[in-house]
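Residue numbers (this note's numbering), protein chains in the order written: chain U, 1 to 333; chain B, 1001 to 1333.
First the structure, in the form of structure tokens, and then the observations on it.
There are 2 protein chains.
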Amino acid sequence: MVTMSDIAQRTGVTVTTVSNALTDRGRVSDATRSRILAVATELGYEVNLTARHLRMGRSDTIALIVPSVHDYFGEIADKLAVLAEATGRHLVLERTSALTESERAAITFQRLQMFDGVLLSAVGLDHDDVERARRRTPLVVLGERPMPATVDHVRLANEEGGRLATAHLLEHGARRVVVLGGSLSAEFGISHSRLVGWRQAHDDAGVPADPRLVVPVQDYDVRHARAALTALIADGVPFDAVFGVTDMIALGAMSALAEHGLRVPQDVQVVGFDNLLFSDFLVPRLTSVDPHSRELAATAMRLLEQRMSGADAAPEHVVNPVSLVVRGSTRAG
Amino acid sequence: MVTMSDIAQRTGVTVTTVSNALTDRGRVSDATRSRILAVATELGYEVNLTARHLRMGRSDTIALIVPSVHDYFGEIADKLAVLAEATGRHLVLERTSALTESERAAITFQRLQMFDGVLLSAVGLDHDDVERARRRTPLVVLGERPMPATVDHVRLANEEGGRLATAHLLEHGARRVVVLGGSLSAEFGISHSRLVGWRQAHDDAGVPADPRLVVPVQDYDVRHARAALTALIADGVPFDAVFGVTDMIALGAMSALAEHGLRVPQDVQVVGFDNLLFSDFLVPRLTSVDPHSRELAATAMRLLEQRMSGADAAPEHVVNPVSLVVRGSTRAG
DNA sequence: CCGCGGAGGTTTATCGATCAATCTGGTTCC
DNA sequence: GGAACCAGATTGATCGATAAACCTCCGCGG
């Protein structure tokens, strides 16, 4: 490993001068500077970021801590990475597999220290965990759980999304809309908030909302989604539409429907939420609530920049707008 | 920020003793140790990993550098993370968006230094880049490009996978199999190696392989895949099956086929490659080549462990076996 | 009474880079 | 001629933790 000290010896100056030359700080004559640069390239020197981090207290790195990377958050990550690079910073991802233990591990101060700022999407952390993390590092929380008022938070307009999706179904003839992944007992999270929109749409349309059509899905997993809808069919509960609270769940639903010979959208209409990249390629193309992830990423990054700059602005709770993308899985498409 | 020095002052011992007490090294009396621990908890001390990293030369962190996280690599990452944690290490992800520039940035020594080991899946790096990186940090390369013999490398049995997929199609009546995402001009990479398997299967079956059925797809992107197959249909080139060189490409193909009223598998059979999580949920379920990613992850981690342990074992080039998962998108399903 | 060994610490150096303060010759200007 | 100034360096401390070498009692055997 080549250090500044090696360069200093070879050029006959001190380490400080080398540092100044390489970082363009302080006063260094052109002659000395070019000698130093030449030797640096010759030896193949590269700065030790760990040492710099220790000394400067900055790592120019931002962490995105998320439950999983192969769905919604993976798409968000792509957008965030670009924004981070634009300000000379670097984005790394940590995945917690939605385990509270992993999440706790990820937000220990030890880990948080490594980064100038943290974007956190937690599923299992409570207010205390988040509050502790916030006091230790610039933090912006993403996601659909309620958060302490003290922390910057960006979430989606889940109720509105649920309402849009359900209203669209009702407008096109559906009368019994399953909300797959919803939950009557949850008090927060997407199972709750997107369900609220579902209920709202029924109220608006004057259609009764049957609680039997609220079908929970464990872990929002596509497998469990298919199983849950299959069970509903087996139970003989009649329905003519499915609102999947995520696109993955909607995918599971479409799979279950196909297994039972039910056609989409003729027999059952389907709407998802997240508008994932692949949703436009399903057969039929999936109508879905778009989370406007570009705006969401921009907002999150703006808030984080603000925190990192040390400004003690009041914490913001931003609700990102959503809109419905209509495609072939509903009768209007 | 609370440091060991703060604890040392409060307990009246030196920093070294604090370090020894907290890490269970050296000699510290039980009385002193418990006093130190008590003060540490009281002050809310947490070790500064950056300082430790600088001093120890270890970060207990492994990086997985990949083009994108929302497909195949996202699923690999999940498996690798578990294996890393098992040895007390931590996995972080870096995405390069398949841009050679980002990849170069990711493998500068500066970045690589941050990690004890690196798992790299590069699409645009040449031998020199990789060779340079290898000399600087424990490195294992994943992926389907040819690699210098000096570096540990895990790749898939692409030819075999392509052969399996194509043979399966030919066995079930297909005679004109499009290889979507293949390329006649590529000399390596999946466009080449999976095409080799396609050709092999034709030779084995004594069916002529029409070069007009080799249809390249830019960036292996689902959008481009759909467009490419649509163009093929418009050109009036007859075909009765599609081998998509990735599941994403197969998805694009299924979408294009549906748009033109072609039924899968009755009119056109489809096979993919990667066996992504969602592929089992498409309608019809997608027959796909499974990359055995659990084994792949285990192999990669084993090689990396070996490198990190400093053993100068000869570099291994491992070819991970694949197998065909037959589902409804082919006529046997 | 001397010397030895070990428990329980402390001292000092180190990792590599950065920063504030300081030193050293020249020049310039009045 | 001397004060003021400046370019171009250097010194020394620092970030926080760790490792190796060293010191200091204390008890104990000979």
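Where is the CB? At the ideal position from N, CA and C, for every residue including glycine.
Owing to the predicted nature of the structure, the values given are computational and were not obtained by experimental measurement.
- Annotation: residue 109 of chain U is outside any beta strand (DSSP E); the continuous alpha helix (DSSP H) that includes it extends over 109–113.
- Under the Cβ criterion of 8 Å, residue 286 of chain U is not counted among the residues facing chain B.
- Listed in chain order, the non-local C-beta contacts of residue 323 of chain U below 6 Å within the same chain comprise 290, local neighbours out to five positions each way being set aside.
- The Cβ neighbour count for residue 159 of chain U, taken over all protein chains shown within 10 Å, is at least 16; the residue is labelled buried.
- In the three-state reduction of the DSSP assignment, residue 1168 of chain B falls in the helix class.
- Non-local C-beta neighbours of residue 1258 of chain B in its own chain, meaning closer than 6 Å and more than five positions away in sequence, are absent.
- At least 8 Å separates the beta-carbon of residue 170 of chain U from that of residue 249 of chain U.
- The C-beta distance from residue 253 of chain U to residue 245 of chain U rounds to 10 Å, too long to meet the 8 Å contact threshold.
- Only those residues of the region 238–263 of chain U whose C-beta falls short of 7 Å from the nearest C-beta of chain B are listed: 251, 252, 254, 255, 258.
- Just so you know, the alpha carbons of residue 34 of chain U and residue 27 of chain U end up roughly 13 Å apart.
- Residue 114 of chain U counts as buried, since no fewer than 16 other beta carbons sit within 10 angstroms of its beta carbon.
- Of all residues in the region 1078–1098 of chain B, only 1078, 1081, 1092, 1093, 1094, 1095, 1097 come within less than 7 Å of chain U when Cβ atoms are compared, listed by chain position.
- Under a criterion of Cβ atoms nearer than 8 Å, the residues of chain U adjacent to residue 1051 of chain B are, in order, 54.
- Beyond the five residues adjoining it in sequence on each side, residue 117 of chain U comes within less than 6 Å, by CB distance, of 62, 138, 304, 308 in the same chain, given in chain order.
- The C-beta of residue 265 of chain U has 16 or more other C-beta atoms within 10 Å across all chains shown, which makes the residue buried.
- If you draw a straight line from the Cα of residue 50 of chain U to the Cα of residue 92 of chain U, it comes to about 16 Å.
- Here residue 18 of chain U has 4, 7, 8, 36 as same chain residues with Cβ atoms under 6 Å from its own Cβ, once five neighbours each way along the sequence are excluded.
- Between residue 1097 of chain B and residue 1067 of chain B, the C-beta gap is smaller than 8 Å, which places the two residues in contact.
- Here residue 1208 of chain B is not near residue 1184 of chain B, since their CB atoms are 8 Å or more apart.
- Residue pairing by DSSP places residue 61 of chain U opposite U:90 in a beta bridge.
- The beta carbon of residue 230 of chain U sits no closer than 8 Å to any beta carbon of chain B.
- In the three-state scheme derived from DSSP, where H, G and I count as helix and E and B as strand, residue 153 of chain U is classed as strand.
- In its chain, beyond the 5 residues on either side, 178, 215, 239 have a beta carbon closer than 8 Å to the beta carbon of residue 232 of chain U.
- Taking C-beta atoms under 8 Å as the contact rule, residue 1095 of chain B and residue 152 of chain U fail to qualify, at a distance of about 24 Å.
- Within its own chain, the residues whose Cβ lies closer than 6 Å to the Cβ of residue 1256 of chain B, once the five positions on either side in sequence are excluded, are 1226, 1229, 1230, listed in chain order.
- Legend: CB atoms of the region 1110–1127 of chain B lying less than 8 Å from CB atoms of chain U belong to residues 1110, 1111, 1113, 1114.
- Within 10 angstroms of the beta-carbon of residue 75 of chain U lie 16 or more other beta-carbons, which makes it buried.
- Secondary structure of residue 1116 of chain B (DSSP, three-state): coil.
- DSSP lists no beta-bridge partner residue for residue 1252 of chain B.
- Taking the Cα of residue 1318 of chain B as reference, the smallest distance to any Cα among B:1155, B:1278, B:1292, B:1168 is reached at B:1155.
- Listed in chain order, the beta strand (DSSP E) runs fully inside the region 1257–1308 of chain B are 1269–1273, 1287–1290, counting runs of at least 3 residues.
- By the neighbour-count criterion, in which a residue is buried when 16 or more other Cβ atoms sit within 10 angstroms of its Cβ, residue 1109 of chain B is buried.
- Taking 8 Å as the cut-off, the beta carbon of residue 1142 of chain B is found no closer than this to the beta carbon of residue 1314 of chain B.
- Exclusion of the five residues before and after residue 194 of chain U leaves 158, 162, 245 as the residues of its chain whose Cβ lies within less than 6 Å of its Cβ.
- Taking 8 Å as the threshold, the shortest C-beta distance from residue 1268 of chain B to chain U does not fall below it.
- Within the DSSP bridge table, the entry for residue 1324 of chain B names B:1289 as partners.
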